[in-house]
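Below is one structure, written out as structure tokens; comments come after it.
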Amino acid sequence: MLKDLLATRANPDVPSALSGLFTNDPDPSAISFAAGSPNESLFPVAAVQRAFNTAIAKQGAHLFQYQNPQGNPALRAKLAARIGKWGQVTTDADHVVLTVGGQQAIELVAKALLNVGDEVAVEVPTYVGALAALDLYQPTYYGVDLQADGIDLDQLETTLKRHPGIKLLYTVPDFHNPTGITMSVAKREQLVALANRYDFIILEDSPYRDLGYEQAPLPAIKSFDTEGRVVFVSSLSKILMPALRTGWLVADDELLAAIMKVRLASDLEATGVTHAAIDAYLTANDLDAHVNVLKDHYRVQCAAMVAALGKYFPDDAQFTTPAGGFFDWVTLPAGIDAGALLHDQVTPNAHVSYVPSTNFYPNRDVHNGLRLCFSGLTPTVIDAGIHRLGEQVKAAVHEAKPVV
Numbered sequence: 001m002l003k004d005l006l007a008t009r010a011n012p013d014v015p016s017a018l019s020g021l022f023t024n025d026p027d028p029s030a031i032s033f034a035a036g037s038p039n040e041s042l043f044p045v046a047a048v049q050r051a052f053n054t055a056i057a058k059q060g061a062h063l064f065q066y067q068n069p070q071g072n073p074a075l076r077a078k079l080a081a082r083i084g085k086w087g088q089v090t091t092d093a094d095h096v097v098l099t100v101g102g103q104q105a106i107e108l109v110a111k112a113l114l115n116v117g118d119e120v121a122v123e124v125p126t127y128v129g130a131l132a133a134l135d136l137y138q139p140t141y142y143g144v145d146l147q148a149d150g151i152d153l154d155q156l157e158t159t160l161k162r163h164p165g166i167k168l169l170y171t172v173p174d175f176h177n178p179t180g181i182t183m184s185v186a187k188r189e190q191l192v193a194l195a196n197r198y199d200f201i202i203l204e205d206s207p208y209r210d211l212g213y214e215q216a217p218l219p220a221i222k223s224f225d226t227e228g229r230v231v232f233v234s235s236l237s238k239i240l241m242p243a244l245r246t247g248w249l250v251a252d253d254e255l256l257a258a259i260m261k262v263r264l265a266s267d268l269e270a271t272g273v274t275h276a277a278i279d280a281y282l283t284a285n286d287l288d289a290h291v292n293v294l295k296d297h298y299r300v301q302c303a304a305m306v307a308a309l310g311k312y313f314p315d316d317a318q319f320t321t322p323a324g325g326f327f328d329w330v331t332l333p334a335g336i337d338a339g340a341l342l343h344d345q346v347t348p349n350a351h352v353s354y355v356p357s358t359n360f361y362p363n364r365d366v367h368n369g370l371r372l373c374f375s376g377l378t379p380t381v382i383d384a385g386i387h388r389l390g391e392q393v394k395a396a397v398h399e400a401k402p403v404v
């Protein structure tokens, strides 16, 4: 059979962590809290259209020629200045690489670092797209729990002592996907100290860092990096437009060279036309002013989500209160399978969708959690959807309780 000729990483009998992630409910009343999509009504379409026209008018035919493999130098310089300003990271355009979204940046780091069986630490729960990228290289995973202020550093150090071969740690420190939690500044600094002591690389994935509702972004983990051990990854998908497919990473010389080597084998460059247009947009427009508009909207939507969860969910369900980003995380009582609940009751009865917790664990072994995304919905729709979902959760919790 042809599948016998496929590489192990492409084995069709082992589904991607991203496959089947979202339910397809054709009911016209369906409400989806599943996809982590920005609110498209906030996209600056007219300004971006002008930026494309400006870029083409300025460069003409040359714009459509092969470009710099690291990406548009002017845009890289702007992004280096931005992470310097907001993340306190000292870097320059030469240490920035433009990628096809943040997802490619994660996969490139994995490709540059991991051999089959290499040991990787991840926060649990963690971003499902990162698991999909890392899974291709068949690592051995070690999960480290999250606390209210980020990764449990005591548990991490215990894990590092038991498994000194851990090569990479993946973290989403700002308005975490899927939980909404933000890592404290103290933990960021201590995490780098652990990386120096135990000799591992930190992959800092921060696409939501601009979207804090009440405060400026915290210093990036990369800002505490003294040995070139941190690769910072971000994206314009959440603050500009996903379809522009523009992510970026910052790495020091040794890691940068390795990342560029594997990148050139995949695609000689990301799209230069789009990068020139984004550079023109950033020249003509105030990105921070646009981000402030986004934050004003998402702050209201998040508040609606938290209020609805408090109103409609049972008391023995726990949920986070994010200070930014797109997501809220709900932990149901032990014994409730959020995946089975979605399939058997919530979708057919309430026509509401979410992402069950198994998708966010490398061993898919935690069943009683779920991720809710509020960014694409109005407060009225959020309230209605959580009301419908809450009724199903209450029924499941009541049914699961032992009869006394």
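Under the UniProt record's numbering, the first residue of the sequence shown carries the number 1, and numbering increases by one thereafter. Idealized CB from N, CA, C, for every residue including glycine.
Exposed or buried, which one is residue i when buried takes at least 16 other CB atoms within 10 Å?
i           : result
ARG162      : exposed
HIS176      : buried
ARG9        : exposed
LEU264      : exposed
LEU332      : buried
LEU5        : exposed
THR246      : buried
SER266      : exposed
VAL404      : Residue placement at VAL404 cannot be trusted, given a pLDDT of 47 that sits under 50; what the coordinates show is reported in the next sentence. Its Cβ having fewer than 16 others within 10 Å, VAL404 is exposed.
THR380      : exposed
PRO348      : exposed
GLU399      : exposed
SER206      : buried
PHE64       : exposed
GLN67       : buried
ARG188      : buried
ASN72       : buried
ARG197      : exposed
GLY180      : buried
residue 436 : Lying before the first or after the last residue shown, residue 436 is absent from the chain, which here runs from 1 to 404.
SER32       : buried
SER353      : buried
Can you check DSSP and say which residues form a bridge with residue i?
i      : result
SER235 : GLY247
TRP329 : ARG371
TYR170 : VAL122, LEU203
VAL89  : DSSP, once it has assigned bridges, lists no residue as partnering VAL89.
PRO362 : None; PRO362 has no bridge partner.
GLY212 : GLY324
SER32  : SER353
PHE150 : Note that residue 150 is Gly in the sequence shown, not Phe. Partner(s): GLN147.
Which first and last residues belong to the alpha helix (DSSP H) in which residue i is found?
i           : result
ASP225      : Unbroken run through ASP225: none, as it is neither H nor E.
THR321      : Counting along the chain, THR321 falls outside any alpha helix (DSSP H), and DSSP gives it neither H nor E.
GLN147      : Careful: GLN147 lies outside any alpha helix (DSSP H), inside the beta strand (DSSP E) at 140-147.
THR347      : Here THR347 belongs to no alpha helix (DSSP H), and DSSP marks it neither H nor E.
LYS187      : 185-198
ALA289      : 287-312
residue 420 : Only positions 1 to 404 of the chain appear in this structure, which leaves residue 420 out of reach.
GLY129      : 128-135
GLU40       : Taken as a continuous stretch (DSSP letters only), GLU40 belongs to no alpha helix (DSSP H), as it is neither H nor E.
GLU399      : 379-400
ILE278      : 272-284
ALA258      : 253-266
Write down the C-beta distance between residue i and residue j rounded to the nearest angstrom, noting that I regard them as a contact closer than 8 Å.
i           : j      : result
PHE319      : PHE313 : 7 Å
LYS238      : TYR213 : The Cβ separation is near 14 Å, so there is no contact.
VAL231      : VAL109 : 5 Å
GLY84       : SER235 : Not really, about 18 Å apart at Cβ, beyond 8 Å.
MET241      : VAL48  : 7 Å
residue 424 : THR99  : Because the chain here runs from 1 to 404, residue 424 falls outside it and cannot be looked at.
GLN392      : ALA323 : Actually they are not in contact, since the Cβ atoms of GLN392 and ALA323 sit about 28 Å apart, beyond 8 Å.
LEU256      : PRO69  : No, LEU256 and PRO69 are not in contact; Cβ-Cβ is about 12 Å, not under 8 Å.
LEU191      : ILE166 : Actually they do not touch by this definition, with Cβ atoms about 13 Å apart.
PRO219      : VAL185 : 6 Å
LEU203      : VAL233 : 7 Å
ILE278      : LEU75  : 6 Å
GLY60       : CYS373 : 41 Å between Cβ atoms; not a contact.
Which two residues bound the contiguous beta strand (DSSP E) that contains residue i?
i           : result
GLU204      : 201-205
residue 405 : A query on residue 405 cannot be resolved here, the shown segment of the chain reaching from 1 to 404 and no further.
Is any heavy atom in the ligand GTP found nearer than 7 Å to the beta carbon of residue i?
i      : result
VAL306 : The ligand GTP is absent from the structure shown, which contains no ligand whatsoever.
Got a sec: is the Cβ-Cβ distance from residue i to anything in chain C below 8 Å?
i      : result
ASP253 : Any reference to chain C falls outside this structure, which holds one protein chain only.
Answer yes if the stretch 327-341 comes into contact with the stretch 352-368, meaning at least three C-beta pairs across the two stretches below 8 Å, and no otherwise. yes
With three or more C-beta pairs closer than 8 Å as the rule, is the stretch 25-34 touching the stretch 155-169? Here the stretch 155-169 does not lie against the stretch 25-34, with fewer than 3 beta-carbon pairs under 8 Å apart.
Counting Cβ pairs closer than 8 Å, one from the stretch 370-380 and one from the stretch 287-305, do we hit at least three? yes
Is there contact between the stretch 89-98 and the stretch 116-132, where contact requires at least three CB pairs shorter than 8 Å? no
Are there three or more Cβ pairs, one per stretch, closer than 8 Å when the stretch 276-296 is compared with the stretch 362-372? no
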